[in-house]
Amino acid sequence: MGLIAALGAPRRKHSEAPAIDADLELVARLRAGDEQAFVQLVSRHHAAMLRLARSFVPSTAVAEEVVQDAWLGVLRGIDGFEGRSSFRTWLLRILVNRATSTGMRERRSVAVGDAGPVVDRARFDASGAWMSPPTHWIEDSDDRMLAQGMTHQIQAALDGLPARQREVVMLRDVDGLSGLEVCEVLDISEANQRVLLHRGRSQLRQALESELGGA
Amino acid sequence: MFWSRDELVCREMVELITDYLEGALSRSQRRRFEAHLAACENCTEYLEQMRATIRLTGHLREEDLTPAMREEFTDLYRRWREEQQE
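This is the structure:
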């Protein structure tokens, strides 16, 4: 970890290392036949898996089946998990493989998206300066914004994103994966990951501004 | 295409913001980005809104398994164990 940081790899959240250790400890217990360790692993990762599966298949019911199927794949393959990637990355890759093998979506067929500007060109003057600048909507406290039902607006905006953008934003900003982990899970390049993240986040910001700033 | 002139304009800033937040800009790109930011209230506001959006999106994280789901996955594990022993 120290060496990787020194080499200038992307910064990891402080909370991430203990989380990975906890996963590895549970994996060791699972290998030893501990049923509770399995349920704890499920509990830690279920929400992220269901969210991701839901993006690949047309209904929550199918997504739940895919998640179960992926966990069965984990049980069958746990002895083959070598720890070269994090458990979470390994797990989510199994999930993506299951979700795509349902035949409803080709993993590679999803385009990165159109290359248009993320902010309406009409909001800038001929020199490229803001003509219609971002309207202020941030409040001092996040809690106050959340208390006003903002999560619903963000969820709606997220649901409205193209699938690949939604998946990248969810994995990064909801589930807290690193950019490299997302590349591995979705089998995309770092450059594509950044483009998708950029477009997705920019659209979420715009949705909040439109909703709250009146622009 | 962005680097032909010395100074970045706002229209370019909004396209570079994720690379900036991801630490993916080169040192000279970063310097130009920050120089514009220091002089532009609107782009500063835009950056703050992006940061707030990212933070708020993080609150979509959900709660634990329901007891029913715990049971379901316990069953899944037991069925798998039985399958193993056959």
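Heads up: the sequence lines are chains A and B, in that order. Note that the working numbering has the first sequence beginning at 32, numbered continuously upward. Note that the working numbering has the second sequence beginning at 7, numbered continuously upward. Quick reminder that beta carbons are idealized off the backbone N, C-alpha and C, glycines included.
Inset, instruction - Name, in chain order, the residues that DSSP records as bridge partners for F155 of chain A. - result: Among the bridge pairs identified by DSSP, F155 of chain A is matched with A:W161.
Inset, instruction - Taking 8 Å as the threshold, find out whether the region 194 to 201 of chain A comes into contact with the region 231 to 246 of chain A through three or more Cβ pairs. - result: Touching, yes.
Legend entry - chain B contact for G159 of chain A (CB, 7 Å cutoff): Yes, G159 of chain A lies at the interface with chain B (some Cβ there is under 7 Å from its Cβ).
Legend entry - Span separating the alpha-carbon of V150 of chain A from that of A188 of chain A: Going by the C-alpha atoms only, they are around 16 Å apart.
Inset, instruction - Taking only beta-carbon positions, decide if D70 of chain B is within less than 7 Å of chain A. - result: At a cut-off of 7 Å between beta-carbon atoms, D70 of chain B makes contact with chain A.
Inset, instruction - Keeping to the same chain, check which residues put their C-beta closer than 7 Å to that of I35 of chain A; ignore five residues upstream and five downstream. - result: Low local confidence applies: a pLDDT of 39 at I35 of chain A is under 50, so the model's placement there is unreliable, and no value is given.
Inset, instruction - With distances taken Cα to Cα, identify the nearest neighbour of A160 of chain A among B:Q91, B:H65, B:L31, B:Y52. - result: Measuring from the Cα of A160 of chain A, the nearest candidate turns out to be B:Y52.
Inset, instruction - Verify whether the separation of the beta carbon atoms of H76 of chain A and L71 of chain B is less than 7 Å. - result: No, the pair does not count as a contact, with Cβ atoms beyond the cut-off.
Legend entry - Proximal chain B residues relative to D218 of chain A, where beta-carbon distance stays under 9 Å: Result: empty, since nearest Cβ-Cβ is about 19 Å, beyond 9 Å.
Legend entry - Pairwise C-alpha distance: D12 of chain B and A128 of chain A: Going by the sequence as given, residue 128 of chain A is Asn instead of Ala. Cα to Cα, the separation comes out at about 46 Å.
Legend entry - Boundaries (first-last residue) of the alpha helix (DSSP H) holding D190 of chain A: First-last of the alpha helix (DSSP H) with D190 of chain A: 181 to 190.
Legend entry - Residues in the region 73 to 102 of chain A having any Cβ partner in chain B nearer than 7 Å: Of all residues in the region 73 to 102 of chain A, only V73, S74, H77, A78, Q99, W102 come within less than 7 Å of chain B when Cβ atoms are compared, listed by chain position.
Inset, instruction - Could you pull out every residue in the same chain whose Cβ sits closer than 7 Å to the Cβ of C16 of chain B, ignoring the five residues on either side in sequence? - result: So the list reads C46, N48, C49, once near-sequence residues are dropped.
Inset, instruction - In the DSSP assignment, find the alpha helix (DSSP H) that holds F39 of chain B and state where it starts and stops. - result: 33 to 45 is the span of the alpha helix (DSSP H), which, as asked, contains F39 of chain B.
Legend entry - Contact the region 58 to 68 of chain A vs the region 94 to 111 of chain A: 3+ CB pairs below 8 Å: With a cut-off of 8 Å, the region 94 to 111 of chain A and the region 58 to 68 of chain A count as touching, because enough Cβ pairs lie within range.
Legend entry - Interfacial residues, the region 16 to 38 of chain B to chain A, with Cβ spacing under 7 Å: The region 16 to 38 of chain B vs chain A, Cβ under 7 Å: C16, R17, E18, V20, E21, T24, D25, E28, G29, A30.
Legend entry - Neighbour-count burial assignment, S163 of chain A, 16 or more Cβ in a 10 Å radius: It counts as exposed.
Inset, instruction - Note the first and the last residue of the continuous alpha helix (DSSP H) segment covering V97 of chain A. - result: Its alpha helix (DSSP H) spans residues 91 to 108.
Legend entry - Q184 of chain A CB to nearest heavy atom of the ligand NAD below 6 Å: Among the ligands in the structure shown, none appear at all, so the ligand NAD cannot be discussed.
Legend entry - contact_flag[the region 81 to 92 of chain A, the region 116 to 132 of chain A] where n(CB pairs < 8 Å) is 3 or more: At 8 Å Cβ cutoff, the stretches touch.
Legend entry - Contact check, S132 of chain A vs E215 of chain A, beta carbons under 7 Å: In this structure, E215 of chain A does not lie closer than 7 Å to S132 of chain A by Cβ.
Legend entry - Cα-Cα separation, R6 of chain B to E54 of chain B: Absent from the structure is residue 6 of chain B, since the part of chain B shown begins at 7 and ends at 92.
Inset, instruction - Using beta-carbon positions only, say whether H65 of chain B and L177 of chain A come within less than 7 Å of one another. - result: Cβ distance < 7 Å, so H65 of chain B and L177 of chain A count as in contact.
Legend entry - C-alpha gap between S172 of chain A and T120 of chain A, whole angstroms: The straight-line gap from Cα to Cα measures roughly 33 Å.
Legend entry - Any chain A beta carbon closer than 7 Å to Q55 of chain B: Contacts with chain A at 7 Å (Cβ-Cβ) include Q55 of chain B.
Inset, instruction - Answer yes or no: does any C-beta atom of chain B fall closer than 7 Å to that of H229 of chain A? - result: Using a Cβ-Cβ cut-off of 7 Å, H229 of chain A counts as an interface residue toward chain B, since at least one Cβ of chain B sits closer than that to its own.
Legend entry - Expected contact under 8 Å - CB spacing of I185 of chain A and T63 of chain B to nearest Å: Contact between I185 of chain A and T63 of chain B holds: their C-beta atoms lie close to 6 Å from each other, under 8 Å.
Inset, instruction - Taking only beta-carbon positions, decide if E198 of chain A is within less than 7 Å of chain B. - result: With 7 Å as the cut-off, E198 of chain A does not count as an interface residue toward chain B.
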